[in-house]
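Numbering (our numbering), first residue to last: 439 to 673. Glycine residues also receive a C-beta, built at the ideal position from the N, C-alpha and C atoms. Predicted, not measured: the structure shown is a model, and the values here were computed from it. What follows is a single structure, written as structure tokens, with notes after it.
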Ligand SMILES: Nc1ncnc2c1ncn2[C@@H]1O[C@H](COP(=O)(O)OP(=O)(O)OP(=O)(O)O)[C@@H](O)[C@H]1O
Ligand SMILES: [Mg+2]
């Protein structure tokens, strides 16, 4: 069985959709469409009767909902019916960093704290699709690079046990510099937005998708009033 992403034209590139209950990375530079991709994925779930959770670690969900309501998804309707929940875990991070100078003093890290909250919502609200925006803040929670890597590995492991299909949005812009999350995830999708001559070009690329026949080419995409649209044309 495959989970349809709801991104027009994209599921055809990955044998009909995502393998359920796995963790995926959606990476790209600023404005490349990561949050839009995440919201469209949740809209598709809501349309199919699956409840979704959007965890915001950076931005106030209110402004995100406002921005995403400019698309023709009918997002507000789903937030009102509770089919899509937006949770702000940003203030939590601020409290955490102010209060906890030394992680050892409270016995758990920021990423663990975030996971605990996510896990409680997923279980009590029967969440089937999860989006975490974004991984950057989770890394700030731990000190040294090695500790960060251990923390991210633990976070992924916990998510995999949660049995919910998860997209983790990632700000990665240096395409030659892979991070542990790219290895730990079940699939990695890159959103590109680059200058070609005088024009900016948007493209989508599946870097990896375990258990799925796909190619690694870049496909033309657009962000329209209906959200992200992927074309069968290679860039
Ligand atoms: N209603 C709309 N119709 C068409 N395009 C839109 C609309 N709203 C936003 N966009 C386009 O989508 C882009 C923003 O996409 P999105 O916020 O998903 O990117 P992002 O990768 O999450 O960015 P960031 O790294 O800043 O979080 C805007 O820069 C704009 O080009
Ligand atoms: Mg965003």
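Terminal residues of the alpha helix (DSSP H) in which residue i lies
i: residue 505; result: 499-506
i: residue 599; result: 583-600
i: residue 573; result: 573-578
i: residue 556; result: 548-563
i: residue 519; result: 513-519
Residue i beta carbon near ligand 2 (any heavy atom closer than 8 Å)
i: residue 500; result: no
i: residue 607; result: yes
i: residue 395; result: The displayed coordinates of the chain run from 439 to 673. Any statement about residue 395 would go beyond what the structure contains.
Pairwise C-alpha distance: residue j and residue i
i: residue 642; j: residue 519; result: 32 Å
i: residue 595; j: residue 527; result: 20 Å
i: residue 671; j: residue 506; result: 26 Å
i: residue 616; j: residue 609; result: 12 Å
i: residue 589; j: residue 464; result: 19 Å
i: residue 653; j: residue 455; result: 14 Å
i: residue 650; j: residue 553; result: 28 Å
i: residue 577; j: residue 549; result: 8 Å
i: residue 564; j: residue 638; result: 40 Å
i: residue 448; j: residue 458; result: 16 Å
Check whether residue i and residue j have beta carbons under 9 Å apart
i: residue 513; j: residue 477; result: yes
i: residue 491; j: residue 573; result: no
i: residue 501; j: residue 640; result: no
i: residue 466; j: residue 628; result: yes
i: residue 673; j: residue 451; result: no
i: residue 558; j: residue 516; result: no
i: residue 624; j: residue 647; result: yes
i: residue 603; j: residue 495; result: no
i: residue 633; j: residue 569; result: no
Any non-hydrogen atom of ligand 1 within 8 Å of residue i CB
i: residue 663; result: yes
i: residue 689; result: Residue coverage of the chain in this structure runs from 439 to 673, which leaves residue 689 outside it and unanswerable.
i: residue 509; result: yes
i: residue 629; result: yes
i: residue 450; result: no
i: residue 571; result: yes
Range covered by the beta strand (DSSP E) that runs through residue i
i: residue 643; result: 637-647
i: residue 604; result: 603-608
i: residue 523; result: 522-526
**Item:** Completely contained beta strand (DSSP E) runs for the segment 460-484, where each covers 3 or more residues
**Value:** 461-465
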